[in-house]
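Data block below; observations after.
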Amino acid sequence: MTSMTEMAAPRGRTASAAPRPRKKIDGWRWGGRIFLLFMLAYTALPMIWMLLTSIKSGFAATQFPPQWWPDEPTLASYQKLLDPQNSVGQDFLRFFWNSLFVSVCTTIMAVVVAVPAAYAFSRFSFPGRKFLFFAVLLRNMFPAVIFLVPLFILMRVLGLVNTHGSLILTYLTFGLPLAIWLLKGFYDNIPVQLEQAARIDGATRFQAFLLIVMPLSAPGIIATAIYSFIGAWNEYIYAATFLTRNDQLTLPVGIQRFFSENTTDFPGLMAASFMMSVPVVVLFLVLQKYFVRALTEGAVKH
Amino acid sequence: MTTQIGFAGAPAQARIVRPSVLQQIWASRADYLYVLPAIIVMLIVIAYPIYYTIDLSFFETPPGLQLRDKNFVGVENYATILSSNVFWRVTLNTVIWTFASTLIAFVLGYAAALALHRDFAGRAVLRAILIIPWVISAVAASYIWKWIYHSDFGILGAVMVQMGLVERQPNFIDNVHTVLPSLIVVNIWREFPFAMIMIMAGLQTVPEQLLRAAKVDGASTWQRFWHVTFPYLSGVSTVTILLLAVANFNSFIIPWIMTGGGPSNASHIWITHIYELAFGRQRWGVASAYSVLLFMILMALGYFYVRALSGNEKREHGA
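Chains A and B, in that order, are what the protein sequence lines are.
What the first sequence shows, in the working numbering, is residues 1 to 302, in sequence order.
What the second sequence shows, in the working numbering, is residues 1001 to 1319, in sequence order.
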């Protein structure tokens, strides 16, 4: 990078007197590009290798030297995972469905509970507001492991062990603080005057909230929903602890259990990892705009 | 503390005639309805577990969670922990893991955000690709990297052999010396996008005029970064570093799935160790005592976190 700056500088001097600083920027720009190329390789190569492995046969995956590009690409691993007739396929589709069910339920509940709470934290100034807000935020500091044993016992008391209800309730606890935090950022940016205008026109505070603020905060709600969904979809520890029956498992635990028994089926494992990533990556790519904006509004502005 | 509360909501005039706390609570009773659902959920799943963990840390419990048979042992569980060799080993691992992961992920994310700040062809695509590792499941990430590191068929080792760097496939994660750095690489892979997004978001708030003014005054690229952008982003940076540090301190999935803490505890960090004590060896009392210690460390971190957050808020309101 230094050499490039040096190379760029003399040319700048011969061309004209002024653009010396601009030539210097070029050095930084090229450095930045090389760095981005490095980061792209670091990020993408493991994922590409996952895809390439997933379309190999078990034999082709264990060659030395490795087959960079599979000699005989095959979708057999995917067919196996997605075939409802096959026992592996049955399990995998079951896990997939369980994950989807738990994540969707968590997302809906997180939004329903977080919207009013975030609104209150943004607008009202009741005593303890600040304390409660930070108490909510602090929850995110504590690892799942601390809560595992007591929650397990709590779930036993509530009769929720081995049900998806136990997961949904628990996921709310880490989904909620983040949701409230993000949504509060959005509400903070919606002018109070809009609500005041509605109030003057005769709306109650709740009506103003429902009809004015809610539609305006739609991007925030979408962002919150994505975060909750991804969090729930990827969660592992609670699911591994609270669920023991095979037909109840969610994808991360299901895959882990399955492949601790079939340790050598690398193409299958890579195919399963890929399939598990598809829904969240698609969701992220489609709704990227909201995803990043939520952090801008929520995290950075306060 | 007082200044924080006084600062919290009310405008300056309200401080002059201050109704009693009870009056205030009563007057804003309707407001609590909005936060009530959240608070109820939080109480059930946070306050109760915390109380329970503290309580259990003073007991010895028989395996199988038959908690009627627990015996009160005072602080013996704590003594057991602090006098064990494993504790210090695991603590050292945790410190290395947390510091290295946080620092490198932050620096890489920061640099990537800066490099991505200027518009160029393909920027949006590149940004999306760089964020993907953060979105996918840590379980999937663990399996991908475990396969890359595989001691017989791993691609990384194979490449190193082909390039003539080593004689035979290195054993990345079954080796006491290389296991922790290998796992940190995976962790950074998953976490630098978070720092990148946060800094990218922060960069949008840096006023363009300020940078242009600095440029007119003859500041170099580095000077503009160091004297304008960097100080401007100090708030976001602090929050990002704290969030990363907490997340790393609390990470579980990557070490657990990839190595389970082995070989010979070389990749055990606090969380995986606690999990193993509780659910592997069923020593609930000791695991709870560990959790309480962890809890205290996190409270200290949390204090800085809250201070950083309210510092940001204060700056914004006070301006």
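Cβ coordinates follow ideal geometry from the N, Cα and C atoms, glycine included.
query                                                                                                                                                        : result
Say whether chain B places a C-beta atom closer than 8 Å to the C-beta of A:PRO21.                                                                           : Bear in mind that the predicted position of A:PRO21 carries a pLDDT of just 46, short of 50, making it too unreliable to give a figure here.
In angstroms with no decimal places, state the Cα-to-Cα distance between B:ALA998 and A:GLU72.                                                               : Lying outside 1001 to 1319, the shown extent of chain B, residue 998 of chain B is not represented and no answer is given.
Take B:GLY1202 as the anchor and find which of B:ALA1113, B:LEU1108, B:VAL1086 and B:ALA1245 has the nearest alpha-carbon.                                   : B:ALA1113
Unbroken alpha helix (DSSP H) runs of length 4 or more, entirely within the segment 1027-1082 of chain B: which are they?                                    : 1029-1042, 1048-1056 and 1076-1082
Out of B:PHE1225, B:GLY1109, B:ALA1278 and B:ALA1266, state which residue places its alpha-carbon closest to the alpha-carbon of A:TRP28.                    : B:PHE1225
Any beta carbon of chain B sitting closer than 8 Å to that of A:PRO279?                                                                                      : no
Check whether the Cβ of B:THR1238 lies closer than 8 Å to any Cβ atom in chain A.                                                                            : no
Since B:PRO1231 meets chain A, which of its residues come closer than 7 Å, beta carbon to beta carbon?                                                       : In chain order: nothing, as chain A lies at least about 15 Å away.
Tell me, please, whether the CB atom of B:LEU1114 is closer than 8 Å to any CB atom in chain A?                                                              : yes
For chain B, is any of its Cβ atoms less than 8 Å away from the one on A:VAL111?                                                                             : no
Check distances from the C-beta atoms of the segment 1243-1265 of chain B to those of chain A and list, in chain order, the residues that come in under 7 Å. : VAL1246, ASN1250, PHE1252, ILE1253 and ILE1257
Quick one: which unbroken alpha helix (DSSP H) runs of 4-plus residues sit fully inside the segment 1140-1167 of chain B? Chain order, please.               : 1155-1162
Taking 8 Å as the CB-CB limit, is A:THR244 close to chain B?                                                                                                 : no
How would you write the range of the alpha helix (DSSP H) that A:GLN79 sits in, first residue to last?                                                       : 76-82
I'd like to know if A:GLY32 contacts chain B, where contact means its C-beta is closer than 8 Å to some C-beta of that chain.                                : yes
Straight-line CA distance for B:ARG1168 to B:ILE1132?                                                                                                        : 32 Å
Does the segment 1138-1148 of chain B touch the segment 1192-1207 of chain B, meaning 3 or more C-beta pairs lie closer than 8 Å?                            : no
Among A:VAL149, A:PRO279 and A:LEU243, whose alpha-carbon lies nearest the alpha-carbon of B:VAL1292?                                                        : A:VAL149
With distances taken from CA atoms, which of B:SER1020, B:SER1084 and B:VAL1206 is nearest A:PHE126?                                                         : B:SER1020
Name the residue from B:ALA1278, B:ASN1265 and B:SER1288 whose alpha carbon lies nearest to the alpha carbon of B:THR1091.                                   : B:ASN1265
So with CB distances below 9 Å, who are the chain A contacts of B:ALA1213?                                                                                   : Per Cβ cutoff of 9 Å: no residues; B:ALA1213 is ~14 Å from chain A at best.
Determine the closest residue to B:VAL1075 out of B:ASP1174, B:ARG1089 and B:ASP1055, with distance taken between C-alpha atoms.                             : B:ASP1055
Within a Cβ cutoff of 8 Å, which residues of the same chain sit near B:PHE1172, ignoring the five residues on either side of it in sequence?                 : TYR1149, SER1151, GLY1154, LEU1156, GLY1157, THR1178, VAL1179 and SER1182
Alpha carbon to alpha carbon, what distance is there between B:GLN1023 and A:ALA120?                                                                         : 19 Å
With burial defined as no fewer than 16 other Cβ atoms inside 10 Å of the residue's Cβ, what is the status of A:PRO116: buried or exposed?                   : buried
What in chain A is Cβ-close to B:ASP1031, meaning under 7 Å?                                                                                                 : ALA120, PHE124 and PHE126
Which bits of chain A does B:PHE1153 rub up against, with CB to CB less than 9 Å?                                                                            : ALA61, THR62, GLN63, PHE64, PRO66 and PHE266
Please state whether the Cβ-Cβ distance between B:THR1094 and B:TRP1270 is less than 8 Å.                                                                    : yes
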